[in-house]
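A.B. asks: Take 12 as the starting number for the sequence shown in the working numbering and just add one per residue.
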Amino acid sequence: MQKIRFLYILFYAFLPFQDAKVSPKDKNKIQLDGDLIFGGLFPMHEKGKSGKSCGTIKKEKGIQRLEAMLFAVDRINADDSLLPGVSLGVHILDTCSSDTYALEQCMDFIKARLTSFDMSDYKCENGRNLVYAPVKPVVGVIGAAASTVSIMVANILRLFQIPQISYASTSIDLSDKSRFEYFSRVVPPDTFQAQAMVDIAKAFGWNYVSTLADEGDYGVKGIGAFRERSTDAGICVAQSLTILRDDADSRIEQLVLELLKNERAKVVVMFANEDNAKRVLKALLKVNTTSELTFLASDSWGAKIHPVKGQETAAEGAVTLLPKRHVIKEFDEYFTNLTVDNNNRNPWFPEFWQETFNCSLTNKSRTKQCSGNEFIGMKGAAYNQEGLVQFVIDSVYALAHALHNLLAEECTIPFSNCTTNAIRSGEEVLKYIRNVSFQGVGGDLVGFNEEGDSFGKYDIFQYQQISKGVYKYVHIGDWIDRLRLKNSRIKWKKENAPYSVCSEACPSGFARLEKGLKCCWGCFQCAFNQYLADEYTCKDCPEGSKPSRNQSICSPLPVLSLEWRSFWMLLPVAFTSIGAVLTILVIAVFIRYNETPVIMASGRELCYVLLIGILMAYGTSVMMLVRPTVILCTLRRLGLGVSLCLIYAAMLTKTNRIYRIFNNGIKAMVKRPSYTSPRSQIVICFGIVSVQIVGGITWLGFEKPDTMFVLQNQEYLVLKCRASQTAIIVSLTYNIVLIIICTVYGVKTRKIPQNFNEAKCIAFTMYSTCIVWLAFIPIYFGASGGDFKIEVTSLCMCVSISATVALVCIFAPKVYIVLLQPHKNIRQGASTSLKNNHPTLSRIISEQAESLGTFPFQNGGVYTHPNQTTQTTHTTINDVFGDDVDLDDLSSDDATGDDKSRTKLNPPMEADI
12 MQKIRFLYIL
22 FYAFLPFQDA
32 KVSPKDKNKI
42 QLDGDLIFGG
52 LFPMHEKGKS
62 GKSCGTIKKE
72 KGIQRLEAML
82 FAVDRINADD
92 SLLPGVSLGV
102 HILDTCSSDT
112 YALEQCMDFI
122 KARLTSFDMS
132 DYKCENGRNL
142 VYAPVKPVVG
152 VIGAAASTVS
162 IMVANILRLF
172 QIPQISYAST
182 SIDLSDKSRF
192 EYFSRVVPPD
202 TFQAQAMVDI
212 AKAFGWNYVS
222 TLADEGDYGV
232 KGIGAFRERS
242 TDAGICVAQS
252 LTILRDDADS
262 RIEQLVLELL
272 KNERAKVVVM
282 FANEDNAKRV
292 LKALLKVNTT
302 SELTFLASDS
312 WGAKIHPVKG
322 QETAAEGAVT
332 LLPKRHVIKE
342 FDEYFTNLTV
352 DNNNRNPWFP
362 EFWQETFNCS
372 LTNKSRTKQC
382 SGNEFIGMKG
392 AAYNQEGLVQ
402 FVIDSVYALA
412 HALHNLLAEE
422 CTIPFSNCTT
432 NAIRSGEEVL
442 KYIRNVSFQG
452 VGGDLVGFNE
462 EGDSFGKYDI
472 FQYQQISKGV
482 YKYVHIGDWI
492 DRLRLKNSRI
502 KWKKENAPYS
512 VCSEACPSGF
522 ARLEKGLKCC
532 WGCFQCAFNQ
542 YLADEYTCKD
552 CPEGSKPSRN
562 QSICSPLPVL
572 SLEWRSFWML
582 LPVAFTSIGA
592 VLTILVIAVF
602 IRYNETPVIM
612 ASGRELCYVL
622 LIGILMAYGT
632 SVMMLVRPTV
642 ILCTLRRLGL
652 GVSLCLIYAA
662 MLTKTNRIYR
672 IFNNGIKAMV
682 KRPSYTSPRS
692 QIVICFGIVS
702 VQIVGGITWL
712 GFEKPDTMFV
722 LQNQEYLVLK
732 CRASQTAIIV
742 SLTYNIVLII
752 ICTVYGVKTR
762 KIPQNFNEAK
772 CIAFTMYSTC
782 IVWLAFIPIY
792 FGASGGDFKI
802 EVTSLCMCVS
812 ISATVALVCI
822 FAPKVYIVLL
832 QPHKNIRQGA
842 STSLKNNHPT
852 LSRIISEQAE
862 SLGTFPFQNG
872 GVYTHPNQTT
882 QTTHTTINDV
892 FGDDVDLDDL
902 SSDDATGDDK
912 SRTKLNPPME
922 ADI
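1) Assuming C644 and D717 form a contact by the criterion Cβ under 8 Å, report the distance between their Cβ atoms to the nearest whole angstrom.
2) Nearest to G73 by CA position, among V278, L268, V400 and S180, is which residue?
3) Exposed or buried, D405, counting other C-beta atoms within 10 Å across all chains shown (16 or more means buried)?
4) Pick from D110, T804, N724 and I747: whose alpha carbon is nearest that of F586?
5) I'd like to know if the segment 337 to 348 and the segment 306 to 316 are in contact, where contact means that at least 3 CB-CB pairs between them fall below 8 Å.
6) By the three-class DSSP mapping on this structure, what secondary structure does K390 have?
7) What does the Cβ neighbour count give for K297, buried or exposed, with the cut at 16 atoms within 10 Å?
8) Let me make sure I understand the geometry here. Which of N540, G458, F787 and M208 has the alpha-carbon closest to that of T242?
9) Note the first and the last residue of the continuous beta strand (DSSP E) segment covering A522.
10) Three-state secondary structure (DSSP) at G216?
11) DSSP state of Q562, grouped into three classes?
12) Assign F539 to one of two classes, buried (16 or more other C-beta atoms within 10 Å of its C-beta) or exposed (fewer than that).
13) Taking the C-alpha atoms as reference points, what is the distance between V84 and F360?
14) For the alpha helix (DSSP H) containing I246, list its first residue and its last residue.
15) Relative to the C-alpha of L441, which residue among S92, P583, A409 and I68 is closest?
16) Please report the residue range of the beta strand (DSSP E) in which M281 lies.
17) Give me, in chain order, the residues of the same chain whose beta-carbon lies closer than 8 Å to that of V829; leave out the 5 immediate sequence neighbours on both sides.
18) Per the contact definition of three or more C-beta pairs closer than 8 Å, is the segment 639 to 657 in contact with the segment 588 to 599?
19) Assign A67 to one of two classes, buried (16 or more other C-beta atoms within 10 Å of its C-beta) or exposed (fewer than that).
20) Any idea if C618 is buried or exposed, counting beta-carbon neighbours within 10 angstroms, 16 or more meaning buried?
21) Which residue's Cα is closest to the Cα of K1007: A661, L651, I708 and S109?
22) Helix, strand or coil: which one does DSSP assign to E71?
23) Look up N870 in the DSSP assignment and say whether it is helix, strand or coil.
24) Three Cβ pairs or more, each shorter than 8 Å: is that satisfied between the segment 773 to 782 and the segment 810 to 820?
25) Going by beta carbon distance, what residues of the same chain come within less than 6 Å of Y112, once the five residues before and after it are set aside?
26) Just to confirm my understanding: we take C565, look at its own chain, exclude 5 residues before and 5 after, and list those with CB closer than 7 Å. What are they?
27) How would you label F386, buried or exposed, when you count the other beta carbons within 10 angstroms and need 16 or more for buried?
28) Is it the case that the segment 614 to 632 contacts the segment 708 to 728, given that we only count it when at least three CB pairs across the two stretches are under 8 Å?
29) So, does the segment 223 to 232 touch the segment 504 to 514, judging by three or more C-beta pairs under 8 Å?
30) Three-state secondary structure (DSSP) at I477?
31) Buried or exposed, going by whether 16 or more other CB atoms sit within 10 Å of the CB of I183?
32) Whose C-beta lies closer than 6 Å to the C-beta of K289 among residues of the same chain, with five residues either side of it excluded?
33) Based on Cα-Cα distance, which residue from Q476, R435, Q473 and A411 lies nearest to G446?
34) To the nearest angstrom, how far is the alpha carbon of T744 from that of I658?
35) Does the distance from the CB of G488 to the CB of I471 come in under 8 Å?
36) Alpha carbon to alpha carbon, what distance is there between P54 and S498?
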């Protein structure tokens with residue numbers, strides 16, 4: 012650090028004396044003597060062109076700000092409560108809006124810090140003694156305006172520990188205290204401004220913008236902060252262009268054409284000084300496309316007249332920011348009363364006067380002479396207070412308050428005799444600057460944070476056309492931690508806000524597919540069973556739910572079940588109920604007429620088993636219609652298979668018994684077929700049923716009953732019993748095998764005698780059952796996965812119809828005889844019927860009888876040939892094969908009975924065979 016400072020001293024110490032002409036009156040600076048000197052850096056002129064250091068005068072940004080500093084110093088000198096007994100002087104320099112030129116000028120502040128030297132060692136070229144007017148050192152510097160200038164100046168002021176307070180520099184880099192330790196500012200840094208600009212773009216729906224920035228820290232860092240925050244806000248930058256330091260107007264025009272090439276990015280975010288902003292607007296006018304671009308500009312543009320003067324149509328609609336400020340009426344009064352005659356301390360004021368009133372104060376100019384009657388604010392010379400006047404005044408007061416607090420600890424009031432001894436170093440002054448807190452000239456609190464920055468407060472303006480040819484900045488909102496817009500004050504070139512969007516929002520149910528940038532995308536539709544999880548992702552809805560109409564969320568599917576009032580419920584319930592009632596009535600008839608010949612001949616035991624199976628089938632049908640539960644699912648599994656198995660096992664046992672008796676022929680007359688007794692038939696029947704029961708229980712063990720929701724038609728859920736298709740098929744297959752076997756026996760026994768036509772009824776039952784099940788299979792499996800009402804109802808009706816067919820075909824004839832034709836409910840002879848309907852069996856019996864002669868029956872009678880005189884009309888097959896007769900007891904030795912002992916026998920009933 013010491014070496015760097017030494018090099019600066021060697022280089023600049025003798026620079027002012029090269030011409031040996033140093034005058035206390037210099038037109039490029041203001042020096043007013045005082046006890047304490049405040050330095051000032053202001054852009055009094057625009058940046059020079061064609062090798063020149065300075066350009067034309069800046070009326071607002073230069074003159075008004077400089078006069079604001081002089082105004083503040085005058086007020087402090089007149090204020091006995093602030094720095095009493097101390098007069099303030101100024102040392103103000105022109106930066107000409109150039110960082111390198113400002114650095115040269117800043118050497119004036121450094122000279123006073125150098126050690127004094129012997130003047131006798133120097134002589135002028137003409138032999139005269141050197142005239143040297145020593146300059147008092149500045150205690151602090153107010154400025155500069157542009158961030159690039161402040162950064163350049165802050166580097167050297169830091170070396171000599173000169174505090175600096177800026178009224179306009181907002182670069183982010185200046186918050187880095189490792190580099191700019193002695194820099195402070197009363198305006199917020201660009202980090203706040205960048206966030207405010209992001210919020211504005213987001214509020215207007217601009218998510219695809221271009222950026223334009225000055226080369227250097229202010230522009231590059233400002234745009235960098237904007238881009239960093241815009242990413243999180245969903246705003247994309249189409250292109251980033253930079254204005255170089257020495258760009259010609261032709262280069263600016265090329266930049267404008269580049270901005271116009273992107274047809275979707277209609278908004279340009281600008282971090283550029285007002286000179287470059289003016290050049291951009293001028294180039295936009297030149298290409299005659301003023302309505303194509305809208306600018307969102309930083310505080311360098313702010314609410315200044317300079318950038319937009321002459322380019323009003325190109326600037327119309329621009330949204331600009333400016334640190335929140337207030338109009339200082341006292342300054343207006345002060346400034347409007349200034350004239351060339353009463354403002355001799357400002358060397359740039361005559362130039363400002365001539366530029367403002369377009370007249371000349373000397374005879375050398377070809378323009379008209381100033382009359383002396385001109386005044387600021389007159390017609391043709393409108394006056395508006397420049398936006399940063401308040402901050403210039405606050406900067407001066409911040410330095411004054413810091414010095415006051417420092418002197419108050421070291422000296423007694425008044426401070427007139429101790430300023431030199433008390434202010435020992437710039438480091439000490441900096442400490443007090445960072446700790447000041449006071450009410451500014453505009454009423455706002457002025458203070459600094461740890462980085463020497465002020466608080467983020469911005470006014471938002473829009474440059475609007477008020478009437479034809481009349482334009483002005485209109486306050487449309489502010490930003491203090493968050494954005495607040497006054498929409499009623501916003502006015503665009505066209506009816507609506509500029510449209511600066513890369514891609515349209517995807518319709519409902521469509522997800523984004525990015526195309527490089529986050530803001531540019533294509534759209535693809537989510538599948539019918541998917542919802543939009545986020546902007547970019549479609550996800551399947553969980554099981555049991557479906558996407559909403561706009562596919563934004565998944566909602567539970569409605570659970571449907573058969574309603575009691577619906578046709579699909581009423582029809583099977585009515586049919587099943589009638590069948591169950593009829594079954595109960597048949598059971599009642601059988602119990603009531605249990606000892607009658609017809610009931611006894613029907614094989615009562617198997618009939619009761621058959622009726623129980625039919626009743627269970629009806630009950631199972633009803634359970635199929637009710638909303639499933641675990642218990643009902645258990646009963647369904649067992650009930651469906653067991654009920655059908657009871658029906659067809661009973662009928663199989665019946666047909667098998669008939670077939671075996673008639674198939675054995677005369678052998679059955681001699682020896683009764685095995686396992687034809689009622690007890691045997693019941694055992695056989697339940698043996699067949701037990702297979703189904705064991706299978707069902709095993710199924711329950713391997714697959715516990717439960718309910719599940721099944722998606723149907725992608726629109727609703729149906730609550731069903733959980734069961735594997737394999738187990739269901741195996742269960743039904745066993746019953747189908749029984750049906751087939753019963754059908755085969757029914758075919759084989761279809762030609763037995765008429766009195767044994769129960770076999771025909773069973774055969775007809777099996778034919779009908781086969782037809783029902785053949786029709787059911789395509790209906791059921793065709794509806795599976797489709798309309799659950801058809802699936803449930805078809806299964807229920809199939810079971811009920813199967814039970815009804817068995818009920819009607821098997822039991823209707825018997826009930827008809829018992830109830831409506833009781834005269835037929837008697838024991839009848841069967842010999843005639845046997846002879847007519849089964850001649851072969853009749854012939855065999857006759858031939859056997861002739862060979863046997865006579866043989867006794869267990870009931871005491873004897874059988875003789877029918878041609879004998881003995882009456883045998885009522886001798887029956889039942890007496891031969893009755894349930895109480897054991898044919899094994901018959902022997903030829905018993906065939907010698909007396910004719911007198913021959914008695915008439917009762918006729919047989921068909922089912923007793």
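Using N, Cα and C, we set each Cβ at its ideal position, and we do this for glycine too.
Just so you know, these numbers come straight off a predicted model, no measurement behind them.
C.D. replies: In brief:
1) 7 Å
2) V400
3) buried
4) T804
5) no
6) coil
7) exposed
8) M208
9) F521 to K526
10) coil
11) coil
12) exposed
13) 18 Å
14) Taken as a continuous stretch (DSSP letters only), I246 belongs to no alpha helix (DSSP H), as it is neither H nor E.
15) A409
16) V278 to F282
17) V600, Y604, T607, V609, I610 and N836
18) no
19) It should be noted that the sequence gives Thr, not Ala, for residue 67. It counts as exposed.
20) buried
21) Outside the modelled stretch of the chain, which goes from 12 to 924, sits residue 1007, for which no answer is possible.
22) helix
23) Residue placement at N870 is flagged as unreliable, the pLDDT there being 38, under the threshold of 50; the coordinate-derived value follows with that caveat. Coil, per DSSP.
24) yes
25) S64
26) Y542, C552, P553, S556, K557 and P558
27) exposed
28) no
29) no
30) strand
31) buried
32) P318
33) Residue identity differs from the one stated: residue 446 is Asn in this sequence, not Gly. N446 has its Cα closest to that of A411, out of Q476, R435, Q473 and A411.
34) 15 Å
35) yes
36) A small fix is needed here, since residue 498 is Asn in this sequence, not Ser. Between N498 and P54, the C-alpha separation is close to 35 Å.
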